[in-house]
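Report on the following structure.
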Amino acid sequence: MPQATTDTDTSNAAQSLSLTAFIQNLNTPWKLCLYFFRHLPSCWFWGVRVKECTPDKAVVAIPFSWRTQNPFRSTYFAALAGAAELSTGLMAMIAIQDKGRISMLITGMEMKYLRKATGLTIFTCEEGPAIHAAVQRAIETGLGQEVRVHTTGSDADGDVVCEAWFTWSFKRKVQK
């Protein structure tokens, strides 16, 4: 005997489809390139690429090229910081998707540079569950919630080039 579906089931299914489509767009290079061009032109100019994006993990790569280099023949610190921030921000965007009106903002940043970045640098962040928990707390309490997340930048050999910590703040927007 088939079960009756409720409005909640239908709403959850629609949210799931919307979230799936959103994640597919983040993993589609030409769509992400258009997004960068419009909303994050520095990422577009630097040639930042999303290698993998799921609700739990994001992998972002930034090449060493004339667009990203500093006068010392290594990747400019701001280009590294932009790619590092994106590796955390993608999961934040996923976390607030279909959750209503929620603001997200970086309130703190710390970066440690361990060696010169002279090639492709790949940032990996696996802090999705912590970000999702902070968003859920913001929804439940109505108060701003902060979460500090870590991302690691490695070169092609797997050596750590830099580490970054970003403090994200999430707050449910109140209807006026």
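To convert a position in the sequence shown, counted from 1, into the numbering used here, add 169.
Glycine included, C-beta positions come from ideal geometry on N, C-alpha and C.
Bear in mind that the values here come from a model prediction, so they are computed numbers and not experimental data.
Legend entry - First through last residue of the beta strand (DSSP E) which encompasses Tyr282: Ile271 to Tyr282
Inset, instruction - Assign Leu283 to one of two classes, buried (16 or more other C-beta atoms within 10 Å of its C-beta) or exposed (fewer than that). - result: exposed
Inset, instruction - Count the CB pairs spanning the stretch 249 to 263 and the stretch 209 to 222 that are closer than 8 Å, and state whether there are at least three. - result: yes
Legend entry - Beta carbon of Thr244 nearer than 8 Å to that of Thr320: no
Legend entry - Sufficient close CB pairs (3 or more, under 8 Å) joining the stretch 289 to 296 to the stretch 229 to 236: They touch, by the three-pair rule.
Inset, instruction - Put Val304 into one of helix, strand or coil per three-state DSSP. - result: helix
Inset, instruction - Would you kindly report the start and end of the unbroken beta strand (DSSP E) that includes Phe339? - result: If you look at Phe339, you'll find it in the beta strand (DSSP E) that goes Val329 to Arg341.
Inset, instruction - Check whether the Cβ atoms of Gly297 and Arg341 sit closer than 8 Å, and answer yes or no. - result: Not a contact, by the Cβ cut-off of 8 Å.
Inset, instruction - Under the assumption that Ala286 contacts Asp324 (Cβ atoms under 8 Å), give the Cβ distance between them as a whole number of angstroms. - result: 7 Å
Inset, instruction - Report the rounded CA-to-CA distance for Ser272 versus Pro210, giving the unit in angstroms. - result: Take the alpha-carbon of Ser272 and the one of Pro210: they are about 21 Å apart.
Legend entry - CA-to-CA distance, Ile300 to Glu309, given in whole angstroms: 14 Å
Inset, instruction - In angstroms with no decimal places, state the Cα-to-Cα distance between Cys294 and Gln344. - result: Approximately 33 Å between the Cα atoms of the pair.
Legend entry - Residues near Trp213 by beta carbon distance below 6 Å, same chain, minus five either side: Phe205 and Phe206
Inset, instruction - Give me the Cβ distance between Ala333 and Met278, rounded to the nearest whole Å; I'm assuming they're in contact under 8 Å. - result: 7 Å
Legend entry - Euclidean distance between Cα positions of Val304 and Phe335: 15 Å
Inset, instruction - Could you name the residues of the same chain whose beta carbon sits closer than 7 Å to that of Asp176, not counting the 5 residues immediately before and after it, in chain order? - result: In this prediction, Asp176 has a pLDDT of 47, which is less than 50 and means its spatial position is unreliable; nothing more can be read from the coordinates.
Legend entry - C-alpha distance - Thr197 paired with Leu186, whole-angstrom precision: 16 Å
Legend entry - Ala230 - containing alpha helix (DSSP H), residue span: No alpha helix (DSSP H) holds Ala230; the beta strand (DSSP E) holding it covers Ala227 to Ile231.
Inset, instruction - Measure the beta-carbon distance from Met280 to Ala253 and round it to whole angstroms, keeping in mind my assumption that it falls under 8 Å. - result: 7 Å
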